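Engineer:
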Amino acid sequence: MSKEKISFNEAVFGFGSPVALATFRIFVGLFSLLNFLMTAVSFNSWYTEKGLYPAWMAQRWSEGVPRFSPLIYVQDARLMAVIYAVITLSALTTMLGLWSRVSSVVLFVGTLALHHRSPDILSSADTLIRMWCFYVMIAPSGAALSLDRMIAIKKGKATVEPKEVSLWPQRLIQLQLSIVYFTTVWWKWMGSMWRDGTASYYPAQLHEFDRFPVPDFVNSHFMVMLTTYGTLIVELAVAFLAFAKPLRKWVLLGGLLLHGYIEYSMNIPLFGYVITSSYICFYSGEEVTAWARRLSEKYPNLRKVFFRGEALAEEGESSVVQSPA
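Everything in the sequence shown is counted per the numbering used here, starting at 2 for the first residue and increasing by one.
Below, the structure is given as structure tokens:
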């Protein structure tokens, strides 16, 4: 096998630290939990027969296309509430890394079923969350930063340093994000307002989405052109240049600034957080661990948060040393 093929196989199918994937799991569980809690406020409207979206509407929406939609047959509001609570709980246990594999499977399957039950209320954030849940489900995301691992360390069934895992799910997340950004630019460029540099003006006029005040100069002709073409450049850069290690930090920082400004100026729940949560997957687990170690050296109180396994091991060694012979 040639050196190029070996390098490709190692890059795509190689092994490494699971810490980046575990951090991603925490983000996905957290945002799924928040999403379910926000939707629960209008639960009766979206998931019961007396609400705005009874089951027959979901059946018509599919238009004969086979879909995983078991919840269209659940027409008892109390049973639906129990199912919704179980799926919401799975988001919490996924975030905590408790019964990680089972929790992540329940979370993905439950999210998919809920989305096919009431598809008309979905946003881009929902679609991204559903995709991220799938990758968390197939990845060894509970191999680090999880209650499962903490319990295993206390029982002496796991080492302090997490074992290396296959990183191909992390590569899939990177590729998926690249496709999301590239297709976004592709479709935007088909619109005349993106090509003539005026597209960013119009969302700012949708005042029902206003969150925090924006200076008037942002809507000037120059700034509108700058933000329109700047958006396309940043999104295209994240799609391709985030894979280049020398450029990665600056490209992802551009993405954070882009979504941060949108999050500041417009009330679009969770989307910016959900899409940027995947940026962590462009870093190796070793890099994330090194960053956390530097931060814990600067703030010692964080050591038990970031390196709980080491702290547990040290406590165990201390108790052995101090115990009477």
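Note that CB positions come from ideal geometry on N, CA and C, so glycine has one too.
All values derive from a computational prediction rather than experimental measurement.
Going by CA-CA distance only, name the one from Phe218, Val137, Leu80, Ser125 that's closest to Arg26.
Structural biologist: Start at 1 with the first residue of the sequence shown, and residue 26 comes out as number 25. Checking every option, the nearest Cα to that of Arg26 belongs to Val137.
Engineer: Could you check where the alpha helix (DSSP H) with Leu93 kicks off and where it finishes?
Structural biologist: Along the sequence shown, one-based indexing puts residue 93 at 92. Start and end: 78–97.
Engineer: So, at 7 Å on beta carbons, what are the nonlocal neighbours of Thr277 in its own chain, with the 5 sequence-adjacent residues on each side left out?
Structural biologist: Translated into the one-based positions of the sequence shown, residue 277 becomes position 276. Closer than 7 Å at the Cβ level, and outside the excluded window around Thr277, lie Gly256, Leu257, His260.
Engineer: Considering only heavy atoms of the ligand GTP, does any lie closer than 7 Å to the CB of Ser124?
Structural biologist: What this structure holds is no ligand at all, so the ligand GTP is not there to describe.
Engineer: Can you say whether Glu236 is buried or exposed, counting buried as having 16 or more other CB atoms within 10 angstroms of its CB?
Structural biologist: As a position in the sequence shown, residue 236 is number 235, starting the count at 1. The residue in question, Glu236, is buried, as its Cβ has 16 or more Cβ neighbours within 10 Å.
Engineer: I need the DSSP call for Gly17, collapsed to helix, strand or coil.
Structural biologist: On the sequence shown, position 16 is the one that residue 17 refers to. Correct three-state label for Gly17: strand.
Engineer: Going by DSSP, what residues sit across from Met267 in a beta bridge?
Structural biologist: Position 266 of the sequence shown, counted from the first residue, corresponds to residue 267. Asp211.
Engineer: Taking only the alpha-carbon atoms, compute the straight-line gap between Glu64 and Leu233 and give it to the nearest angstrom.
Structural biologist: In the sequence shown, counting from the first residue as 1, residue 64 sits at position 63. In the sequence shown, counting from the first residue as 1, residue 233 sits at position 232. C-alpha separation (whole angstroms): 35 Å.
Engineer: Tell me which residues share the same chain as Ser193 and place their Cβ nearer than 7 Å to its Cβ, disregarding the 5 neighbours each side in the sequence.
Structural biologist: For the purposes of this step, residue 193 is identified with residue 192 of the sequence shown, where counting begins at 1. Cβ within range, chain order: n/a, list empty.
Engineer: Between Glu165 and His116, what straight-line distance do the alpha-carbon atoms span, to the nearest angstrom?
Structural biologist: In the sequence shown, the residue the question calls residue 165 occupies position 164. In the sequence shown, the residue the question calls residue 116 occupies position 115. Using only the alpha carbons, I get a separation of about 34 Å.
Engineer: Leaving aside the five residues before and after Tyr280 along the sequence, list all residues of the same chain whose C-beta is less than 6 Å from its C-beta, in chain order.
Structural biologist: Locating residue 280 in the sequence shown gives position 279, where the first residue counts as 1. Excluding sequence neighbours, Tyr280 sits near Leu253.
Engineer: Pick out whichever of Asn36, Arg118, Ser101, Thr49 has its Cα sitting closest to the Cα of Ser70.
Structural biologist: In the sequence shown, residue 70 corresponds to position 69, counting from 1. The shortest C-alpha separation from Ser70 is found at Arg118.
Engineer: Taking the alpha-carbon positions, what's the Ile263 to Ile180 distance?
Structural biologist: Translated into the one-based positions of the sequence shown, residue 263 becomes position 262. Translated into the one-based positions of the sequence shown, residue 180 becomes position 179. Taking the straight line from one Cα to the other gives about 21 Å.
Engineer: Short check: CB of Ala145 to CB of Val20, under 8 Å?
Structural biologist: Within the sequence shown, numbered from 1, the residue matching residue 145 stands at position 144. Within the sequence shown, numbered from 1, the residue matching residue 20 stands at position 19. Taking 8 Å as the Cβ cut-off, Ala145 and Val20 qualify as a contacting pair.
Engineer: Our contact map puts Tyr265 next to Phe213 with C-beta atoms below 8 Å; I'd like the distance itself, whole angstroms only.
Structural biologist: Along the sequence shown, one-based indexing puts residue 265 at 264. Along the sequence shown, one-based indexing puts residue 213 at 212. Sure, about 5 Å apart at Cβ, within 8 Å.
Engineer: So, helix, strand or coil for Val166, using DSSP?
Structural biologist: Numbered from 1 along the sequence shown, position 165 holds the residue referred to as residue 166. If DSSP states are grouped into helix, strand and coil, Val166 belongs with the strands.
Engineer: Got a sec? Which residues, its chain only, sit under 7 Å from Trp169 by beta carbon, not counting five neighbours each side?
Structural biologist: In the sequence shown, residue 169 corresponds to position 168, counting from 1. Val13, Phe14, listed in sequence order.
Engineer: Within 10 angstroms of the Cβ of Asp217, are there 16 or more other Cβ atoms? Answer buried if so, exposed if not.
Structural biologist: Position 216 of the sequence shown holds residue 217. Exposed, since its Cβ has fewer than 16 Cβ neighbours within 10 Å.
Engineer: Could you check if Arg300 is buried or exposed, using at least 16 other CB atoms within 10 Å of its CB as the buried criterion?
Structural biologist: Taking the sequence shown and counting its residues from 1, the one referred to as residue 300 is at position 299. The question names Arg, yet the displayed sequence has Tyr at residue 300. Exposed, because fewer than 16 other Cβ atoms sit within 10 Å of the Cβ of Tyr300.
Engineer: Can you tell me whether Tyr74 is buried or exposed, with buried defined as 16 or more other CB within 10 angstroms of its CB?
Structural biologist: As a first step, residue 74 must be located in the sequence shown, where it is residue number 73. Counting Cβ neighbours within 10 Å, Tyr74 comes out exposed, since fewer than 16 surround it.
Engineer: Contact defined as beta carbons within less than 8 Å: I believe Gly286 pairs with Gly17. What is the distance between those atoms, to the nearest angstrom?
Structural biologist: The residue labelled residue 286 in the question sits at position 285 within the sequence shown. The residue labelled residue 17 in the question sits at position 16 within the sequence shown. Contact flag correct, Cβ pair sits at about 6 Å.
Engineer: Who are the Cβ neighbours of Ala41 in its own chain at under 8 Å, not counting the five residues just before and after it?
Structural biologist: Indexing the sequence shown from 1 puts residue 41 at position 40. For Ala41, where only same-chain residues beyond five positions count, the Cβ hits under 8 Å are Tyr85, Thr89.
Engineer: Since I believe Leu80 is in contact with Ser91 (beta carbons under 8 Å), could you give me their beta-carbon distance rounded to a whole number of angstroms?
Structural biologist: By one-based count along the sequence shown, residue 91 stands at place 90. By one-based count along the sequence shown, residue 80 stands at place 79. Not really, about 17 Å apart at Cβ, beyond 8 Å.
Engineer: So the alpha helix (DSSP H) Phe126 belongs to, where does it begin and stop?
Structural biologist: To locate residue 126, count along the sequence shown from 1; it is residue 125. The sequence given here has Ala at residue 126, not Phe. Residues 125–139.
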